[in-house]
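Below: one structure, written as structure tokens.
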Amino acid sequence: MRYLSFIFLIVFCFSCARHKEEHVVISKEHTSAIEKKSYAKKDAYSLLIKKKLQHYIDEQKLTLTHPEFSETALPSLFNIDTSAIVVVKNVELIPLSKNIDSVQTFMSKVIFSTSAKQFTDSIITTIKKKVIMIDDTLQTSTKFSFSSIKRERPKKMPLETAMLKPTKVVRFSLKDLSFTWDEIDACDCLFAVTPGAGYIRQLYFGRYKNGKSAVLQIEKGTSKTQVPILRPRSQQRTSGDSWTEIYANDTYKITLKASPAKNLVKGKFTYYIDFKLLNKDSRKTIRDMVLVNCKS
-8 MRYLSFIFLI VFCFSCARHK EEHVVISKEH TSAIEKKSYA KKDAYSLLIK
42 KKLQHYIDEQ KLTLTHPEFS ETALPSLFNI DTSAIVVVKN VELIPLSKNI
92 DSVQTFMSKV IFSTSAKQFT DSIITTIKKK VIMIDDTLQT STKFSFSSIK
142 RERPKKMPLE TAMLKPTKVV RFSLKDLSFT WDEIDACDCL FAVTPGAGYI
192 RQLYFGRYKN GKSAVLQIEK GTSKTQVPIL RPRSQQRTSG DSWTEIYAND
242 TYKITLKASP AKNLVKGKFT YYIDFKLLNK DSRKTIRDMV LVNCKS
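According to my numbering, the stretch in the sequence shown is residues -8 to 287, in order.
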């Protein structure tokens, strides 16, 4: 009796294990069938959309060439000129919303072909399904609607306001400077900047001949500061040619952009210098165009 009970227990366990394995196999087959059905439906949608878009473009071209066939011109769905399109080659659907039975939204990537080349554009496609009764039979009605994706044109950057070129050099007195005579003599050019508006009324700048640093003084009778060069002008340039230099220390960043002007002093080179000073602490900027006589 005990032996029969043991055999029954083995048979029961084997049956349960087998039943579980068959259930898993069935589930996998069922899942695979659903996936295949989903892919097949998507392909069918692509073909239908392709036909509808081809018809739409053909009708649009017809109304353009024969406006008497339509009271109102069809609006363009695309961001490209479709007047030269010969055929819609392919439509790729990219889901934009969750898969809901009644409403689905896709981005339709449309590939066009002309006689010369092919190109791509995208639109939004909405598919709505509704169950209706026709002749006592339930049937599914599928409706397609399209909308364009308007792409913003890149905004044009405002052109930098053209600065008026001065006609004369700004005059100043050496009494206003805190520079030593040696520093003045070491300058390739020394000039004053009077912005006319802003938090600085007047400043003084001296570019040293060694090309390694400059001296800066903000306002009259104040202390000076040395500003190392950050980006020197080209060593290959010829005196009188255009040049650009950048100076910087912990507080200031100064940019000089020089373009040649008619020489005003014998033995010197005259430049229009676009002078820009940035205060790194306050983030305030002073900028002015000045006429400067330099030794090189």
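Glycine included, each C-beta is placed from N, C-alpha and C at the ideal position.
Asked                                                                                                                           : Found
Whole-Å CB distance - V82 paired with S99, under 8 Å assumed                                                                    : 5 Å
Status (buried if at least 16 other CB within 10 Å, exposed otherwise) for S168                                                 : Looking at the sequence provided, one finds Leu at residue 168 rather than Ser. Classification of L168: buried, given that the 10 Å Cβ count is 16 or more.
Span of the beta strand (DSSP E) around E83                                                                                     : V78 to P86
Through-space distance from N201 to K244, alpha-carbon basis                                                                    : 19 Å
Cutoff 6 Å; reference K303; Cβ partners in own chain excluding five residues on either side                                     : Outside the shown range of the chain, which is -8 to 287, sits residue 303, and nothing can be said about it.
Through-space distance from K119 to T111, alpha-carbon basis                                                                    : 25 Å
Closer than 7 Å: Q227 CB and nearest the ligand MN heavy atom                                                                   : Ligands in the displayed structure: none, and consequently the ligand MN is not present.
Cut-off 8 Å between Cβ atoms - residues of its own chain near S214, not counting five sequence neighbours on either side        : S169 and Q208
Inter-residue Cα distance where the pair is Y199 and S250                                                                       : 18 Å
Residue nearest to E210 in terms of C-alpha spacing, selected from I191, S204 and R228                                          : I191
Close beta carbons around T96, own chain, < 6 Å, minus the five adjacent residues each side                                     : L87, S88 and T117
Distance between beta carbons of I114 and I140, contact taken as under 8 Å                                                      : 6 Å
Straight-line gap, P66 to V184 (C-alpha atoms, nearest Å)                                                                       : 58 Å
Coil, strand or helix - L269 by DSSP                                                                                            : strand
Q109 in three-state terms, based on DSSP                                                                                        : strand
Given T216 as reference, the closest of T54, D241 and Q193 once Cα atoms are compared                                           : D241
Cα-Cα separation between E50 and I71, rounded to whole angstroms                                                                : 17 Å
Contacts around M280, its chain only, beta-carbon distance under 8 Å, and the 5 residues preceding and following it disregarded : M154, L155, K156, P157, Y263, I264, D265 and F266
Pairwise C-alpha distance: D179 and L269                                                                                        : 22 Å
Beta-carbon contacts of K121 that lie in its chain and below 6 Å, excluding the five residues immediately before and after      : S132
Cβ neighbour criterion (16 or more within 10 Å) applied to I175                                                                 : exposed
First through last residue of the alpha helix (DSSP H) which encompasses I175                                                   : W172 to D176
Rounded straight-line distance, which links the Cα of L38 to that of Q130                                                       : 21 Å
Nearest residue (CA-CA) to R228, options P219, S287 and K271                                                                    : S287
Pairwise C-alpha distance: V218 and T276                                                                                        : 17 Å
Supposed close pair N284, L247 - CB separation, criterion 8 Å                                                                   : Actually they are not in contact, since the Cβ atoms of N284 and L247 sit about 14 Å apart, beyond 8 Å.
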